[in-house]
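Q: In terms of this note's numbering, the sequence shown has 699 at position 68, counting the first letter as 1, and numbering is strictly consecutive. Starting off with a structure, shown below.
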Amino acid sequence: MSDLHTLSVTALAESLRSKQVSAVEVATRFLARTGGNPHNAFLDIDSEVTLTQARACDAKIAAGTAGPLEGVPVAHKDVFVTRDFATTAGSKILQGYRSPFDATVVQRLREAGMVTLGKLNCDEFAMGSANENSAYGAVTNPWDMAHVPGGSSGGSAAAVAARLVPAATGTDTGGSIRQPASFCGITGIKPTYGRASRYGMIAYASSLDQAGPMARSAEDCALLLSAMCGPDLDRDSTSLDRPAEDFSAGLNGSLDGLRIGIPKEFFGEGLHADVRAAVDSALREYEKLGAKLVPISLPRTELSIPVYYIIAPAEASSNLSRFDGVKFGHRAKDYVDLVDMYKKTRAEGFGNEVKRRIMTGAYVLSHGYYDAYYLQAQKIRRMIADDFQNAFKECDVIAGPVAPSVAWKLGENANDPVADYLADIFTLPASLAGLPGMSLPAGFGAHGMPVGMQLIGNYFQEAQLLNAAHRLQQATDFHLQKPVGV
Ligand code: GLN
């Protein structure tokens, strides 16, 4: 099969199940595609590990004990710890680190039969919106290598868009699944906070971090999400006690009468005209499918930026204190005493953005500033969540852009972190509220770069989001477009 690498997860799983192709053949094809590491998307590949897993899949298929995704390759964002591959979280401080265990998400996808193709580049500790904060170099966008792939799951998005792997995992704290999916023209979903276990996902901001799948269609995302989710109460106390659903089962529901809320704050001044045009045309498609567009308001949208950029660094400053040269990864070579060792290790091991956030976080939590910043931010966070509940009285799902613009050029914001922060405006609100959100291709904008549309659902409404996305993808072909040469 010469087009193996272009097959969807759904089609690959079917070809494997019906023995048209073997897991070893599939793995071999994708391993060959990762040769030379296109787009600098991968941080670790080990063909022996991958092929050993693939052989075990073939044995299961032969024995009739195959899982639902048996033999389908997946690659993991490098914030998921893995026993068989190095895990760095894009940081020098964890260079060469090997975990003694697999993250729950990694383990569950293995149990469903997926073959691990390797680990994917990302912003250091998932802090960033362009993948330019990786200690292992930037990732390029498969649609135009002069542009960023988005972040922080930039390696995941680029690898899926370039057909280096049919699906990948990502993590989303403030948009890191949705925004790179949008920038690379693929589909991604961040489920309700707590749906997927955070066990073995290196913590950035624990009250926001969530794992999710990135693939080329909602149909494929549904398959992965069903395998990834589910309670893990002994290992992640914030994991929800709700059984994983079969998200594929609900994919053919009618959209007739679906009320899609259009928040006016998502279509204001900062939104670039090309993005607006693409999102508007996707919304017209929804109307054709029977949905009704309902104007709504999310009045504190703008406040989500300062609120997020207080809460996330606050949590990061605490979470990252464990990287001190004692237990994990890098340790400075020359030091005079323990405190000196901590200082030098952290000064050498962390990049600038991570240091900036640790300092911001320590500051907003410090005595005398806590009430003015951290506590205040927590209060507004609650109001943002309440705004969504008010909105959901009038609509079933919310739609808007994922980001104000298409992918910018590499280096364009490199010395302007605030520009990156501001571009998170449309993804942060759902993160702060813990709501599920997804990104799906909605056409193309400036420089021919992909535009993503965001769908936000109420708690536990992933099935509804995936169905809405799937119906649009059945009626349009935005998600089938691919970069030149792929
Ligand atoms: N861009 C946001 C940040 O830099 C979101 C990152 C994420 O979701 N991990 O924090």
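Glycine included, each C-beta is placed from N, C-alpha and C at the ideal position.
Quick check: the Cα distance between P822 and V640, rounded to an integer number of angstroms?
A: 19 Å
Q: What I want to know is whether the C-beta of S760 ends up closer than 7 Å to one or more non-hydrogen atoms of the ligand GLN.
A: yes
Q: Measuring only the C-alpha atoms, how far is L674 from Y728?
A: Answer to the nearest angstrom: the Cα atoms are 12 Å apart.
Q: Could you compute how far the alpha carbon of I891 sits from the alpha carbon of C1026?
A: 6 Å
Q: In whole angstroms, what is the alpha-carbon distance linking D905 and T804?
A: 26 Å
Q: What whole-angstrom Cβ distance do P894 and S838 have, given they're in contact under 8 Å?
A: About 23 Å; that fails the 8 Å criterion.
Q: Less than 8 Å separating the beta-carbons of A1099 and L1111?
A: no
Q: What is the residue span of the alpha helix (DSSP H) that T681 lies within?
A: Counting along the chain, the alpha helix (DSSP H) containing T681 begins and ends at 678-694.
Q: If you count every other CB in all the chains shown that lies within 10 Å of the CB of V970, and 16 or more means buried, which is it?
A: By the 10 Å Cβ count, V970 comes out exposed.
Q: Between the stretch 1080-1095 and the stretch 868-884, are three or more C-beta pairs nearer than 8 Å?
A: yes
Q: Cutting at 8 Å between CB atoms, please list the residues of its own chain near F756, excluding the five before and the five after it.
A: V710, A720, G721, S722, I833, Y835, A947, L951, V985.
Q: For the pair the stretch 931-947 and the stretch 998-1010, tell me if three or more CB-CB distances fall below 8 Å.
A: yes
Q: Is S837 near the ligand GLN - that is, is its Cβ less than 7 Å away from at least one heavy atom of it?
A: Incorrect: S837 has no Cβ contact closer than 7 Å to the ligand GLN.
Q: Alpha carbon to alpha carbon, what distance is there between P1067 and D887?
A: 22 Å
Q: Would the C-beta of G982 count as close to the ligand GLN, meaning under 7 Å from any of its heavy atoms?
A: no
Q: Quick one: grab the DSSP three-state call for H998.
A: coil
Q: Quick check: does the Cβ of G806 come within less than 7 Å of any heavy atom belonging to the ligand GLN?
A: yes
Q: Roughly how many whole angstroms lie between the Cα atoms of A690 and P699?
A: 15 Å
Q: Could you tell me which of E850, A842, H998 sits nearest to Y824, measuring between CA atoms?
A: A842
Q: S1070 by DSSP, collapsed to three states: which one?
A: strand
Q: If you follow the beta strand (DSSP E) that F673 is part of, which residue opens it and which one closes it?
A: 673-675
Q: In terms of residues, what are the limits of the beta strand (DSSP E) holding L929?
A: Segment: none, L929 is in no beta strand (DSSP E) and carries neither H nor E.
Q: On the criterion of 16 or more Cβ atoms from any shown chain inside 10 Å, does T932 qualify as buried, or is it exposed?
A: buried
Q: Let me know if L1063 comes out buried or exposed under the rule of 16 or more other beta-carbons within 10 Å of its beta-carbon.
A: L1063 comes out buried.
Q: Is E916 near L882, with beta carbons less than 8 Å apart?
A: no
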